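The next block holds one structure in the form of structure tokens; read it before the comments.
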Amino acid sequence: MKITAQTKQKIAFGFLGAAAVTVIVPVILIFVILIEKGLPALNWEFLSAMPRMGMRAGGIYPAIMGTLYLVLGTIAVALPLGVLAGIYLVEYARQNFMTRMIKVAIVNLAGVPSVVYGLFGLGLFVIFLKFGASILAGSLTLAIMILPVIITSTEEALSSVPRSFREASLALGVSKWQTIRYVVLPNALPGILTGTILGISRAAGETAPILFTVAAFYLPRLPGSVFDQCMALPYHLYVLSTQIPNVSTKLQYGTALVLVGLVFLLNIAATLVRSRIRSKKLW
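Going by the working numbering, 125 is the number at position 109 of the sequence shown; the sequence numbering is gapless.
Quick look at the structure:
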């Protein structure tokens with residue numbers, strides 16, 4: 017029996033729908049479990065108080081602030097470097113064998129396990145440069161880890177801007193850098209922010225890199241400078257789950273819920289900025 021094009025289309029849509037459900041259902045189940053088991057732990061004291069009794073009581077305020085410090089420090093380092101590197105590779109570098117090898121290396125770096133970045137940060141920033149276990153060392157390590165994502169997204173965003181935009185600007189006598197700054201970058205910004213959002217999500221949720229470079233086991237105070245250690249939600253959750261006996265389950269799930277919620281809020285903020293910028297595009 018001959019299968020019509022319409023039947024093939026329905027079968028393809030069926031497979032696509034099944035794939036979407038396969039991805040979405042586990043995510044929904046994770047959120048349901050976290051909310052069901054973690055919501056009882058959420059209150060003002062849990063979010064704003066210092067930990068007590070070896071983290072069996074009190075709140076997770078230092079861990080929340082430490083995570084925010086690390087994310088902000090990571091983005092402050094990785095975003096400018098990643099965007100500038102992407103601009104150079106797309107707009108200035110000659111498209112030869114060396115450039116292709118660099119691009120392949122960047123893509124491969126995105127797949128390196130996070131624990132390797134942690135050991136690299138330990139050897140370079142903590143020991144060799146003598147920053148010690150600090151917010152600075154942790155932020156630099158996380159920045160190196162998310163650089164490939166930002167560079168790749170910047171390259172793709174810049175390449176998606178029509179060549180005619182550049183030609184029209186150059187034809188008016190505008191310099192190449194001014195064309196990139198005032199014509200290309202504004203139109204590529206939504207794509208760049210997409211890579212930044214992915215980088216924020218990864219940086220906020222990683223445990224291995226901060227384990228070697230910044231995270232403190234128990235620190236019931238806020239850091240005073242970038243050379244101080246800090247608590248962080250991923251490491252705090254790891255410690256609660258594996259190192260401290262007789263900890264209430266709701267504290268573990270409550271910490272996980274706060275971490276997921278914080279990442280979600282950061283992503284929502286970045287997405288709103290991206291949507292606002294995208295709405296102003298004329299093409």
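Note that the Cβ used here is the ideal one computed from N, Cα and C, for glycine as well. Computed from a predicted structure; not experimentally measured.
Rounded distance between the beta-carbons of ILE143 and ASP244, thought under 8 angstroms: So it is not a contact: roughly 18 angstroms between Cβ atoms.
Best match in LEU174, ILE51, VAL190, GLY221 for proximity to ILE80 [C-alpha to C-alpha]: Distances from the CA of ILE80 to each of LEU174, ILE51, VAL190, GLY221 were compared; the closest alpha carbon is that of GLY221.
Contact belief for ARG179 with VAL200 at Cβ below 8 angstroms, rounded distance in angstroms: So it is not a contact: roughly 10 angstroms between Cβ atoms.
Alpha-carbon to alpha-carbon, GLY154 and ALA232: Annotation: ALA232 to GLY154 spans about 11 angstroms, alpha carbon to alpha carbon.
Distance, TYR254 Cα to PRO164 Cα: Approximately 26 angstroms, taken between the alpha carbons.
Three or more C-beta pairs below 8 angstroms linking the region 267 to 281 and the region 108 to 116: With a cut-off of 8 angstroms on Cβ pairs, the region 267 to 281 is not in contact with the region 108 to 116, counting fewer than three such pairs.
Inside the region 144 to 183 only - alpha helix (DSSP H) runs reaching at least 4 residues: Every alpha helix (DSSP H) stretch that sits fully inside the region 144 to 183 and reaches 4 residues is listed by chain position as 151 to 176.
Unbroken alpha helix (DSSP H) run spanning GLY16, endpoints: Examination of residue 16 is not possible in this model, given that the chain is present from 17 through 299 alone.
The region 82 to 95 in contact with the region 202 to 219 per 3-pair CB rule at 8 angstroms: Three or more beta-carbon pairs drawn from the region 82 to 95 and the region 202 to 219 are found closer than 8 angstroms, and the two stretches are therefore classed as touching.
DSSP three-state assignment for ALA73, whether helix, strand or coil: If DSSP states are grouped into helix, strand and coil, ALA73 belongs with the strands.
Delimiting residues of the alpha helix (DSSP H) encompassing ILE196: Element bounds for ILE196: n/a, residue is neither H nor E.
Inter-residue Cα distance where the pair is SER130 and ILE196: Between SER130 and ILE196, the C-alpha separation is close to 33 angstroms.
Sub-8 angstroms separation of THR170 and ALA126 beta-carbons: Not a contact, by the Cβ cut-off of 8 angstroms.
Among GLY189, LEU273, ILE162, nearest to ALA94 - alpha-carbon criterion: Shortest Cα-Cα distance from ALA94 to any of GLY189, LEU273, ILE162 involves ILE162.
Sequence-distant residues of its chain with Cβ nearer than 7 angstroms to GLU172 (five each side left out): Closer than 7 angstroms at the Cβ level, and outside the excluded window around GLU172, lie GLY207.
Boundaries (first-last residue) of the alpha helix (DSSP H) holding LYS296: For LYS296, no alpha helix (DSSP H) encloses it, and the DSSP letter there is neither H nor E.
Helix, strand or coil at ALA121 [DSSP, three-state]: In the structure shown, the three-state DSSP call for ALA121 is helix.
Same chain, Cβ closer than 6 angstroms to GLY211, five either side skipped, listed in chain order: In the same chain as GLY211, and ignoring 5 residues on each side of it, the C-beta atoms closer than 6 angstroms to its own belong to VAL165, ILE166, SER169, in chain order.
The alpha helix (DSSP H) enclosing ILE260, as first and last residue numbers: In the DSSP annotation of this structure, ILE260 is not part of any alpha helix (DSSP H), being labelled neither H nor E.
Cα-Cα separation between THR90 and PRO250, rounded to whole angstroms: For THR90 and PRO250, the distance between alpha carbons rounds to 16 angstroms.
Contact set for PHE141: own chain, Cβ-Cβ below 7 angstroms, skip 5 residues either direction: Result list for PHE141: PHE147, ALA153, LEU156, THR157, THR229, in chain order.
Closest by C-alpha distance to LEU63, when choosing among ILE49, LEU55, LEU97: Relative to the Cα of LEU63, the nearest Cα in the group ILE49, LEU55, LEU97 belongs to LEU55.
Opposing strand residues paired with PRO236 [DSSP bridges]: Answer is none; PRO236 lacks a bridge partner.
Alpha helix (DSSP H) segment containing VAL131, residue limits: Taken as a continuous stretch (DSSP letters only), the alpha helix (DSSP H) holding VAL131 covers 130 to 137.
Counterpart residues of PRO225 in DSSP-defined beta bridges: Partner(s): none; PRO225 has no beta bridge.
N- and C-terminal bounds of the alpha helix (DSSP H) containing PHE62: Counting along the chain, the alpha helix (DSSP H) containing PHE62 begins and ends at 60 to 64.
Cβ separation of LEU174 and GLU107, assumed to be a contact under 8 angstroms, to the nearest whole Å: In this structure LEU174 touches GLU107 by the C-beta definition: roughly 7 angstroms separates them, less than 8 angstroms.
Helix, strand or coil at ALA126 according to DSSP, with G and I counted as helix: Here DSSP, grouped into helix, strand and coil, assigns ALA126 to coil.
Residue of THR20, PRO239, ALA92, LEU145 minimising C-alpha distance to ALA159: For ALA159, the nearest C-alpha among the options comes from ALA92.
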